[in-house]
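Protein chains in written order, with numbering that gives the first Met the number 0: chain Z, 0 to 228; chain W, 0 to 228.
Glycine residues also receive a C-beta, built at the ideal position from the N, C-alpha and C atoms.
It should be emphasised that the depicted structure is a prediction, and the values quoted were computed from it without experimental measurement.
Here is the structure we will look at, set down as structure tokens.
Protein chains: 2
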Amino acid sequence: MSYTYTYPRGALTVDCVVFGFDGDELQVLLIRRGIDPFKGDWALPGGFVHVDESLDAAARRELKEETGLDRVFLEQLYTFGEINRDPRERVVSVAYFALVRPRDYETRASTDADDARWFPVAEIPDLAFDHHSILEMAHHRLRGKLRYEPVGFELLEEKFTLSQLQHLYEAVLGKALDKRNFRKKLHSLELLIPLKEKRSEGSGRPAQLFRFDTKKYEKLKKKGILFEI
Amino acid sequence: MSYTYTYPRGALTVDCVVFGFDGDELQVLLIRRGIDPFKGDWALPGGFVHVDESLDAAARRELKEETGLDRVFLEQLYTFGEINRDPRERVVSVAYFALVRPRDYETRASTDADDARWFPVAEIPDLAFDHHSILEMAHHRLRGKLRYEPVGFELLEEKFTLSQLQHLYEAVLGKALDKRNFRKKLHSLELLIPLKEKRSEGSGRPAQLFRFDTKKYEKLKKKGILFEI
DNA sequence: AATATTAAGTGTGTGAGTTACACTTATACA
DNA sequence: TGTATAAGTGTAACTCACACACTTAATATT
Numbered sequence: 000m001s002y003t004y005t006y007p008r009g010a011l012t013v014d015c016v017v018f019g020f021d022g023d024e025l026q027v028l029l030i031r032r033g034i035d036p037f038k039g040d041w042a043l044p045g046g047f048v049h050v051d052e053s054l055d056a057a058a059r060r061e062l063k064e065e066t067g068l069d070r071v072f073l074e075q076l077y078t079f080g081e082i083n084r085d086p087r088e089r090v091v092s093v094a095y096f097a098l099v100r101p102r103d104y105e106t107r108a109s110t111d112a113d114d115a116r117w118f119p120v121a122e123i124p125d126l127a128f129d130h131h132s133i134l135e136m137a138h139h140r141l142r143g144k145l146r147y148e149p150v151g152f153e154l155l156e157e158k159f160t161l162s163q164l165q166h167l168y169e170a171v172l173g174k175a176l177d178k179r180n181f182r183k184k185l186h187s188l189e190l191l192i193p194l195k196e197k198r199s200e201g202s203g204r205p206a207q208l209f210r211f212d213t214k215k216y217e218k219l220k221k222k223g224i225l226f227e228i
Numbered sequence: 000m001s002y003t004y005t006y007p008r009g010a011l012t013v014d015c016v017v018f019g020f021d022g023d024e025l026q027v028l029l030i031r032r033g034i035d036p037f038k039g040d041w042a043l044p045g046g047f048v049h050v051d052e053s054l055d056a057a058a059r060r061e062l063k064e065e066t067g068l069d070r071v072f073l074e075q076l077y078t079f080g081e082i083n084r085d086p087r088e089r090v091v092s093v094a095y096f097a098l099v100r101p102r103d104y105e106t107r108a109s110t111d112a113d114d115a116r117w118f119p120v121a122e123i124p125d126l127a128f129d130h131h132s133i134l135e136m137a138h139h140r141l142r143g144k145l146r147y148e149p150v151g152f153e154l155l156e157e158k159f160t161l162s163q164l165q166h167l168y169e170a171v172l173g174k175a176l177d178k179r180n181f182r183k184k185l186h187s188l189e190l191l192i193p194l195k196e197k198r199s200e201g202s203g204r205p206a207q208l209f210r211f212d213t214k215k216y217e218k219l220k221k222k223g224i225l226f227e228i
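In structure tokens form, the structure reads like this:
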């Protein structure tokens with residue numbers, strides 16, 4: 000089976016920048032390429048878009064195939080279309096931005112990835128293609144997003160404490176936040192539901208657990224209400 | 000000359016949402032399609048991406064070819080990749096977002112566009128393909144952008160008065176703004192350079208002309224400083 | 001020449017929200 | 001029982017957003 004076109008066509012791929020948070024540092028999931036070009040180098044998970052699937056579907060499929068990740072927060076980032084991004088031929092790549100919860104950390108290697116590993120964003124190795132630019136843009140977007148959209152919850156378990164949330168914000172924004180002001184602000188948004196449980200982890204006073212009120216947030220978002228954190 | 004691929008490939012296009020401001024209403028530039036599909040319908044200017052040009056270059060080329068517009072503010076918006084966007088075959092479209100100054104309003108029809116016309120955003124006709132969704136997203140983005148980036152200047156002449164700028168903001172945001180607060184805010188940004196000229200248009204006191212301090216803004220942007228207007 | 005019309009330009013007081021800042025409480029462990 | 005650890009809590013100063021009305025400089029009208 001082969002297809003013919005009168006004019007040359009480039010190929011289309013998707014690439015995913017997957018962020019995770021281990022409670023301490025912001026991390027990115029990379030795969031080691033099992034095939035040329037850039038065989039053996041680290042790269043963003045991704046691959047070719049099939050002619051019969053949407054871009055979002057392609058991103059989810061590739062993520063599943065290469066890392067085993069499923070049901071993540073996924074959003075389109077930007078489309079990279081410089082002519083010589085790929086040494087083989089013209090390849091345009093639609094980049095995606097994903098956030099995963101800690102329990103989804105266990106990943107599987109497969110098909111065209113020898114290996115998959117989490118790297119702290121501060122210690123990213125050299126990457127294949129223009130993946131470093133893509134990662135930079137995604138990181139920039141995450142920092143921006145965190146400030147005006149309650150998206151940090153996607154990087155924590157469903158039940159979390161205010162301290163965990165604050166540590167996440169501090170890790171992503173790269174600066175310390177005042178505990179009292181942070182809590183005041185979060186409570187004023189009225190999007191956290193306190194649970195009846197508490198979590199005691201090692202020493203120290205046990206902390207109140209919360210979950211994010213997704214339904215309430217969706218309603219407010221539809222009305223065009225803005226958040227700032 | 001023909002090209003063969005083992006697997007089927009979709010086509011790649013760019014589409015541009017071009018905004019203009021006539022001093023009263025926000026407008027969008029549309030072209031009437033001269034060829035099928037949707038022949039005779041209004042659509043966003045755009046077309047196929049060549050294999051040897053970047054996406055940005057393709058957007059600029061198509062804009063020039065179909066509307067005569069050149070040297071506009073241009074920024075990538077979003078990539079639309081649903082499977083059946085185009086009745087002919089799989090077509091992925093990278094949408095762009097353009098802002099043009101009033102004096103660039105005169106447009107030329109050409110090649111595959113019978114006609115090009117400005118429409119007030121409140122009176123957009125039915126559009127070909129999924130162009131209505133694209134336009135909606137662009138409009139939403141413009142409203143958002145205007146609030147946290149000084150981008151409105153791209154829709155005015157290089158020299159403008161504060162009243163003109165305020166009218167633009169009111170037209171895009173769809174609400175009246177307080178004159179004194181608006182001026183106070185704009186002055187506090189320190190990004191407007193007062194010129195030695197004044198403009199007197201018809202009756203009324205002549206207004207101070209300003210130009211936007213692009214260089215200063217670029218410097219501040221590099222430092223990651225945020226603006227809100 | 002006097003008067004009317006039009007749009008430009010200007011300052012202050014109030015309330016809301018952001019920021020800075022230090023001690024008490026509940027648990028685990030020695 | 002006391003010591004270490006992290007959770008939890010309130011207030012005062014300041015900055016920013018918002019509401020609000022008159023004066024000024026020009027053109028148009030009589």
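For W:Gln75, the chain Z residues whose Cβ falls inside 8 Å of its Cβ are Tyr77, Thr78, in order along the chain. Residue W:Gln207 holds the alpha-carbon nearest to the alpha-carbon of W:Leu194 among W:Lys183, W:Gln207, W:Leu185. Shown here, Z:Gly203 sits in coil according to DSSP, grouped into three states, outside any helix or strand. Below the 7 Å Cβ cutoff, chain W contributes Ser53 as neighbours of Z:Glu81, in chain order.
Using beta-carbon distances, W:Ser1 counts as an interface residue toward chain Z, with a partner under 8 Å. Assigned with DSSP and collapsed to three states, W:Glu169 falls in helix. Considering only W:Thr12, W:Arg84, W:Gly151, the residue with the shortest C-alpha distance to W:Phe18 is W:Gly151. Z:Pro86 has its alpha-carbon roughly 21 Å from the corresponding atom of W:Gly9.
At least one CB atom of chain W sits nearer than 8 Å to the CB of Z:Val91. Looking at the DSSP output, Z:Lys197 sits in a beta bridge with Z:Gln207. Straight across, the Cα-Cα distance linking W:Glu169 with W:Arg198 is about 21 Å. Z:Arg146: member of the alpha helix (DSSP H) spanning 130-147, first to last residue. For W:Glu65, the enclosing alpha helix (DSSP H) stretches over residues 54-66.
When the alpha-carbon of Z:Phe96 is set against those of Z:Cys15, Z:Phe37, Z:Glu148, Z:Glu156, the nearest one is in Z:Cys15.
DSSP, reduced to helix, strand and coil, places W:Ala175 outside both helices and strands of the structure shown, so it counts as coil. If you draw a 10 Å sphere on the C-beta of W:Ser1, you find fewer than 16 other C-beta atoms in it, and that means exposed.
By the rule that beta-carbons nearer than 8 Å mark a contact, W:Val50 touches chain Z. Using a Cβ-Cβ cut-off of 8 Å, Z:Tyr4 counts as an interface residue toward chain W, since at least one Cβ of chain W sits closer than that to its own. Chain order gives no chain W residues near Z:Leu176, where near means a beta carbon separation below 8 Å; the closest approach is about 17 Å. Membership of W:Tyr216 in the alpha helix (DSSP H) is indicated by the continuous run 213-221. One thing to note: Z:Val99 has its Cβ within 8 Å of the Cβ of Z:Leu68. Per DSSP, the continuous beta strand (DSSP E) segment holding Z:Gly45 begins and ends at 45-47. Residues of the segment 3-30 of chain Z with a C-beta atom less than 8 Å from some C-beta of chain W are Thr3, Tyr4, Thr5, Tyr6, Pro7, Arg8, Gly9, Ala10, Leu11, listed in chain order. Taking a cut-off of 8 Å on C-beta distances, the segment 49-59 of chain Z does not touch the segment 19-34 of chain W, as fewer than three cross pairs fall below it. Note on geometry: alpha-carbon atoms of Z:Gln165 and Z:Tyr104 lie some 21 Å from one another. For W:Phe79 and Z:His49, the gap between their C-alpha atoms comes out near 15 Å. The closest CA to that of Z:Leu185, considering only Z:Gly201, Z:Val71, Z:Phe211, Z:Gly203, is found on Z:Phe211. Counted as a single uninterrupted DSSP element, the beta strand (DSSP E) harbouring Z:Tyr77 occupies residues 72-79.
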